[in-house]
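For reference, the structure discussed in these notes is given below.
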């Protein structure tokens, strides 16, 4: 039986709409590379059934403007967007400006990547994390070419109904790059929203908001005590409120905070209430309503058996679901 396709994923849309949400955010939907593909729980050796990481974008089947064939066709994606619209939902798409070693850009535009002295391309690192399956982009050789290609890709998805882009790690790219890209898009399409997934220094987060990002992830995930929340909300509601619009995610595919790990279902309920009432926009990562709280290991914020690395099956009909509370909050 096919699973994880646009057609099968659409079965969850009515439940999401019933909870009161109005945006469904998808991780990258593009072909996934096979070179240095990661296995389950981020292991370095992938088995024949391992699907790889969606953020390792690109294969001979296509890059950022292509649909992974296992998900369906571009016509299936159009149908998915239309079905969501029937339910009052918009589709937000992840935009991660990085490539797998198999991405067409690697061969067509080698100047867009960092090269080691031996000529090999450097993979992405965020110590202590290493991403052997991902090449970061170098912006110093052909900024104009990268801007043109980024605009082409974004407008391609806009033509297919996407009006919200969740931008992966924008703080690791030049500020002027985003300033020009967002200005170009919003000059013709002012309704298109860019959400900055930038967990970085406050100064950079504020700068990204000032140069065009309409929404931003925040430090909410790590603000749990009364004092932490009071201080942080005072900051966001002060001078920054004139240009920075927070989106409080209670969790993300990358972040399972210790408060949720050890607090169980009551902690999930508490954080949902805080996120929904302290920010005009809030969100949850799939599975939050089931209070999934098992970390990869003690001290880690990664999920055990994370669906970043594997296909996950869930029982959405469990009586312990937080869906009624979430519906009430929305």
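In this note's numbering, the protein residues as written are 1314 to 1643. Each residue gets a CB set at the ideal place from its N, CA and C atoms; glycine is no exception. Computed from a predicted model, the values in this text were never measured in an experiment.
Between the region 1491–1501 and the region 1522–1541, the count of Cβ pairs shorter than 8 Å is three or higher; the stretches touch. Judged by DSSP secondary structure, residue 1509 falls within the beta strand (DSSP E) whose first and last residues are 1506–1510. In the displayed model, residue 1529 falls within a strand according to three-state DSSP.
The residues 1346, 1348, 1349, 1350, 1351, 1365, 1366, 1369, 1413, 1414, 1436, in chain order, have a CB closer than 8 Å to that of residue 1446 in the same chain once the five nearest residues on each side in sequence are set aside.
For residue 1343, DSSP assigns no beta-bridge partner whatsoever. Here residue 1554 is not near residue 1581, since their CB atoms are 8 Å or more apart. In this chain, the alpha helix (DSSP H) harbouring residue 1586 covers 1571–1591.
Membership of residue 1437 in the beta strand (DSSP E) is indicated by the continuous run 1437–1439.
If you check the CB distance, residue 1474 and residue 1391 come in under 8 Å. DSSP places residue 1388 within a helical segment (H, G or I) once states are collapsed to three.
The three-state reading of DSSP puts residue 1352 in coil, since its state is none of H, G, I, E or B. Annotation: the continuous beta strand (DSSP E) that includes residue 1407 extends over 1403–1408.
Residue 1381 sits in coil when the DSSP states are folded into three classes, being neither helix nor strand. DSSP places residue 1539 inside the alpha helix (DSSP H), whose first and last residues are 1539–1549. In the DSSP assignment, residue 1411 is bridged to 1449. Remark: C-beta atoms of residue 1588 and residue 1507 do not approach each other more closely than 8 Å. Excluding residues up to 5 positions away in sequence, 1562 lie with their Cβ nearer than 6 Å to the Cβ of residue 1596 in the same chain.
A distance of 8 Å or more separates the beta carbons of residue 1549 and residue 1585. Sequence-distant Cβ neighbours of residue 1578 in its own chain, meaning closer than 8 Å and more than five residues away, are 1604, 1633, 1635.
The criterion of a C-beta distance shorter than 8 Å is not satisfied by residue 1479 and residue 1379. No Cβ-Cβ contact shorter than 8 Å links residue 1328 with residue 1535.
For residue 1503, the secondary structure class from DSSP, reduced to helix, strand or coil, is coil. Per DSSP, the unbroken alpha helix (DSSP H) holding residue 1470 starts and ends at 1456–1472.
When secondary structure is reduced to three states using DSSP, residue 1368 falls in the coil class, being assigned neither helix nor strand. Residue burial annotation: residue 1472 is exposed, with fewer than 16 other C-beta atoms found within 10 angstroms of its C-beta.
Secondary structure at residue 1475: coil, using DSSP grouped into helix, strand and coil. About 16 Å separates the beta carbon of residue 1484 from that of residue 1463, a gap too long to meet the 8 Å contact definition. Around the beta-carbon of residue 1421, fewer than 16 other beta-carbon atoms lie within 10 Å, marking it exposed. If you check the CB distance, residue 1546 and residue 1591 come in under 8 Å.
By the neighbour-count criterion, in which a residue is buried when 16 or more other Cβ atoms sit within 10 angstroms of its Cβ, residue 1551 is exposed.
If you ignore the 5 residues before and after residue 1330, its C-beta comes within less than 7 Å of the C-beta of 1400, 1401, 1402, all in its own chain and listed in chain order.
Residue 1524 sits in coil when the DSSP states are folded into three classes, being neither helix nor strand. Between residue 1409 and residue 1481, the C-beta spacing is below 8 Å.
Residue 1531 holds the alpha-carbon nearest to the alpha-carbon of residue 1560 among 1531, 1541, 1538, 1583.
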